[in-house]
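Numbering (UniProt numbering), first residue to last: 1 to 172.
All residues carry an ideal CB built from backbone N, CA and C; glycine is no exception.
If you're wondering where the values come from, they're calculated on a predicted model, not measured in any experiment.
The next block holds one structure in the form of structure tokens; read it before the comments.
See the structure below:
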């Protein structure tokens, strides 16, 4: 029992030892869920997503700024299967508040949607996120993003999507 309590105390101290310096690069994997809405009475779609991301943050004390590239794979049926949303690439910029091992942040950036059947188009995104660093190297984060594509691929149709992602990242 003492060994178990000692191991738990060491784990808590090791986790608490991370003071929250967010400066550095990171790579990771994510799982998520998305919902696509299309104007003009065209049925949208929803499904799970999975992807990779890489970024860099700089800690200015209380504030953290950073940039990230993210690529997600998906298989959303749009317009009753006439179009498939295959992939989404995102270039994101963030600014956040440093709570030590926790970070909350706002996101804005550019997104590119790749489809089968409707072409590809670029739009913008915005959202919120939160991260928690368990150690100086490992963190978990969650993000809620809104993607907007006006006049998708010059079709006269607007496309909006919301995604929720849970992510694990390795900092270096």
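Worksheet item: Span of the beta strand (DSSP E) holding residue 117?
Response: The count along the chain shown starts at 1 and reaches residue 117 at position 117. First-last for residue 117: undefined, no H or E at that position.
Worksheet item: Straight-line CA distance for residue 61 to residue 106?
Response: By 1-based counting over the chain shown, the position of residue 61 is 61. By 1-based counting over the chain shown, the position of residue 106 is 106. Near 17 Å, if we compare the C-alpha coordinates of residue 106 and residue 61.
Practice prompt. Could you work out which residue in 90, 164 and 169 is closest to residue 111 when comparing CA atoms only?
Written response: Stepping through the chain shown from its first residue, residue 111 is reached at position 111. That would be 90, whose Cα lies nearest to the Cα of residue 111.
Fill in: Per DSSP, the bridge partner or partners of residue 165
Taking the chain shown and counting its residues from 1, the one referred to as residue 165 is at position 165. Looking at the DSSP assignment, residue 165 forms a beta bridge with 32 and 143.
Discussion item. If you reduce the DSSP assignment to three classes, tell me which class residue 154 lands in.
Written reply: Reading the chain shown from its first residue, position 154 is the one you call residue 154. Of the three classes helix, strand and coil, the one that applies to residue 154 here is helix, per DSSP.
Practice prompt. Below 8 Å on the Cβ atoms is my guess for residue 58 versus residue 23; work out the distance and round it to an integer in Å.
Written response: The sequence position of residue 58 within the chain shown is 58, counting from 1. The sequence position of residue 23 within the chain shown is 23, counting from 1. 5 Å between Cβ atoms; contact.
Item to complete: With DSSP collapsed to three states, give me the class of residue 79.
Response: As a first step, residue 79 must be located in the chain shown, where it is residue number 79. It is coil, neither helix nor strand.
Worksheet entry | Spatial distance of residue 29 from residue 87 (CA atoms) | The residue labelled residue 29 in the question sits at position 29 within the chain shown. The residue labelled residue 87 in the question sits at position 87 within the chain shown. Cα to Cα, residue 29 sits roughly 15 Å from residue 87.
Worksheet item: Distance, Cα to Cα, residue 181 vs residue 165?
Response: Residue 181 lies beyond the range of the chain shown here (1 to 172); nothing can be said about it.
Fill in: C-beta atoms of residue 104 and residue 130 nearer than 8 Å
Along the chain shown, read from residue 1 onward, the residue named residue 104 stands at position 104. Along the chain shown, read from residue 1 onward, the residue named residue 130 stands at position 130. Cβ atoms of residue 104 and residue 130: closer than 8 Å.
Worksheet entry | Where the beta strand (DSSP E) containing residue 44 begins and where it ends | Within the chain shown, numbered from 1, the residue matching residue 44 stands at position 44. Note, residue 44: premise wrong, no beta strand (DSSP E); not H, not E.
Practice prompt. Sort out for me which residues DSSP pairs residue 174 with in a bridge.
Written response: Since the first residue shown for the chain is 1 and the last is 172, residue 174 is missing from the structure and cannot be characterised.
Worksheet entry | Alpha carbon of residue 127 to alpha carbon of residue 39, nearest angstrom | Sequence index remark: in the chain shown, residue 127 carries index 127 (1-based). Sequence index remark: in the chain shown, residue 39 carries index 39 (1-based). Computed Cα separation, rounded: 21 Å.
Worksheet entry | Proximal residues to residue 115 (C-beta, below 7 Å), its chain only, five neighbours per side dropped | Start at 1 with the first residue of the chain shown, and residue 115 comes out as number 115. Excluding residues within five positions, the ones whose Cβ falls inside 7 Å are 83, 84, 85 and 86.
Worksheet item: If you draw a straight line from the alpha carbon of residue 157 to that of residue 125, how long is it in whole angstroms?
Response: Residue mapping note: residue 157 aligns to position 157 of the chain shown, counting from 1. Residue mapping note: residue 125 aligns to position 125 of the chain shown, counting from 1. When rounded, the distance between both Cα atoms is 17 Å.
Worksheet entry | 6 Å CB neighbourhood of residue 161 in its chain, flanking five on each side removed | Here residue 161 refers to the residue found at position 161 of the chain shown. Cβ neighbours of residue 161 beyond the five flanking positions: 34, 36 and 147.
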